[in-house]
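Novice:
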Amino acid sequence: MARYSDEFINELKENVDLVDLVSDYLELKKSGNRYKGLCPFHSEKTPSFFVNPDNNFYHCFGCGAGGDAINFVMEIENLTFVESVKMLAERSGMELPDLSNEQRQLYQEREQLFSLNKLAARFYNYLLTETEIGKDALNYLTDRGFKEPEIEEFKLGYAADEWQLLLNFLQKKGFSIDLIKKAGLISEGKKNSHYDKFRNRVIFPIFNNRGEVIAFGGRILETEANYGPKYLNSPETPIFSKKKNLYGLHLAKDSIREKNSCIIMEGYTDVIQAHKKGFKNSIASLGTAFTEEQAKLIHRYAENAYIAYDADTAGNKATLRGLDI
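Quick note: the sequence shown uses my numbering, first residue 187, plus one each step.
(1) Let me check one thing: in DSSP terms, what residues is residue 451 bridge-paired to?
(2) Helix, strand or coil, according to DSSP, for residue 345 in the structure here?
(3) Can you give me the C-alpha to C-alpha distance between residue 276 and residue 442, rounded to a whole angstrom?
(4) Could you pull out every unbroken alpha helix (DSSP H) segment of at least 4 residues lying fully inside the stretch 239-275, listed in chain order?
(5) Check the DSSP bridge columns for residue 389 and list the partner residues they point to.
(6) Between the stretch 267-286 and the stretch 334-343, do at least 3 Cβ pairs fall closer than 8 Å?
(7) Run the CB neighbour count on residue 416, radius 10 Å, all protein chains shown included, and call it buried at 16 or more, exposed below.
(8) Between which residues of its own chain and residue 219 is the CB-CB distance below 7 Å, once the five residues before and five after are set aside?
(9) For residue 397, collect the residues of the same chain with a Cβ closer than 8 Å to its Cβ; drop the 5 residues on either side in sequence, then sort them by chain order.
(10) Leaving out five residues before and five after residue 347 in sequence, what residues of the same chain have Cβ atoms less than 7 Å from its Cβ?
(11) Could you check how far apart the C-beta atoms of residue 357 and residue 382 are, in whole angstroms? I think they sit under 8 Å.
(12) Does the stretch 200-210 come within contact of the stretch 251-267, defined as at least 3 CB pairs closer than 8 Å?
(13) Using three-state DSSP, classify residue 433 as helix, strand or coil.
Written out as structure tokens, the structure reads:
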């Protein structure tokens with residue numbers, strides 16, 4: 187795959203102070219002509235992560251992670267190569283050269299998916315908070331203790347009991363059926379027809395650690411228990427991988443850093459209730475399967491994690507699996 191020129195990439199790496207960059211994520215202490223700290227990519231108590239300012243490279247003698255500034259940003263922020271270059275160029279005040287057609291298309295598609303999801307989340311939130319359509323869903327949430335502050339903080343919404351309401355709205359905003367389908371917001375029916383994936387559900391937008399909407403979870407209203415599965419979630423997309431993300435992390439990460447610990451819960455509502463009661467370091471693993479990728483993500487912010495899954499058979503099994511990770 188074509189990339190930026192070697193000349194530009196080398197200039198970018200030279201302009202980035204790697205010690206300064208890494209220090210945004212972990213505490214570094216000078217050790218001879220290098221800097222050391224606890225590795226953000228694996229659990230350790232004795233620092234084995236070193237940054238060499240002379241060649242602008244980092245290396246961990248514990249897990250083997252290493253590379254330059256671009257590698258570091260890609261790994262710690264879960265970004266693509268192009269996104270990492272863009273972030274570092276903005277940090278360094280460098281103007282980006284033109285991308286190849288292939289790279290430009292991939293980058294633009296991801297940006298369009300972020301924009302589409304952001305608009306969909308706003309649409310769902312509007313239906314919940316400003317229309318008669320969302321009245322039952324709003325009552326459902328308020329009856330369970332979720333008031334305006336929680337609804338606003340977590341951008342909760344409602345998907346109406348209509349087949350193409352979101353689809354028609356997004357098309358009017360200029361998004362193609364192909365892109366809406368790639369975002370996982372519509373399903374394909376007979377004769378090449380399409381319909382909204384989420385219908386008559388309370389919507390929980392899922393954000394990445396940078397606060398961008400990447401997916402959705404939908405819970406059916408209890409009054410419509412026979413309408414489908416209790417929870418319906420977005421499929422894997424170019425910007426969403428269930429095993430690599432954590433619900434609520436964008437809101438919890440500062441508290442997690444401060445407390446050096448997080449509370450891993452099972453569901454969306456568990457996290458919202460916990461935040462409401464002051465446990466701001468609470469997050470959810472997007473299901474009962476806690477993954478190694480999620481553990482690495484947590485370790486960027488804290489050394490300690492407490493698993494608080496539901497006290498049922500599935501939750502107990504998941505807790506035991508999580509202890510192994």
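Glycine residues also receive a C-beta, built at the ideal position from the N, C-alpha and C atoms.
Please read these numbers as outputs of a predicted model, since none were measured by experiment.
Specialist: This is what the structure holds:
(1) Here residue 451 corresponds to residue number 265 of the sequence shown, with the count starting at 1. Answer by DSSP bridge pairing, in chain order: 470 and 494.
(2) Sequence index remark: in the sequence shown, residue 345 carries index 159 (1-based). If DSSP states are grouped into helix, strand and coil, residue 345 belongs with the strands.
(3) The sequence position of residue 276 within the sequence shown is 90, counting from 1. The sequence position of residue 442 within the sequence shown is 256, counting from 1. Approximately 27 Å, taken between the alpha carbons.
(4) 255-263
(5) Here residue 389 is taken as the residue at index 203 of the sequence shown, counted from 1. DSSP, once it has assigned bridges, lists 343 and 404 as partnering residue 389.
(6) no
(7) Position 230 of the sequence shown holds residue 416. Exposed: under 16 other Cβ atoms inside 10 Å.
(8) Within the sequence shown, the letter at position 33 stands for residue 219. Closer than 7 Å at Cβ, skipping near neighbours: 240.
(9) Translated into positions along the sequence shown, residue 397 becomes position 211. So the list reads 436, once near-sequence residues are dropped.
(10) In the sequence shown, counting from the first residue as 1, residue 347 sits at position 161. Cβ within range, chain order: 385 and 386.
(11) Locating residue 357 in the sequence shown gives position 171, where the first residue counts as 1. Locating residue 382 in the sequence shown gives position 196, where the first residue counts as 1. Contact flag wrong, Cβ pair sits at about 12 Å.
(12) yes
(13) The residue labelled residue 433 in the question sits at position 247 within the sequence shown. The answer is strand: DSSP assigns residue 433 an E or B state.
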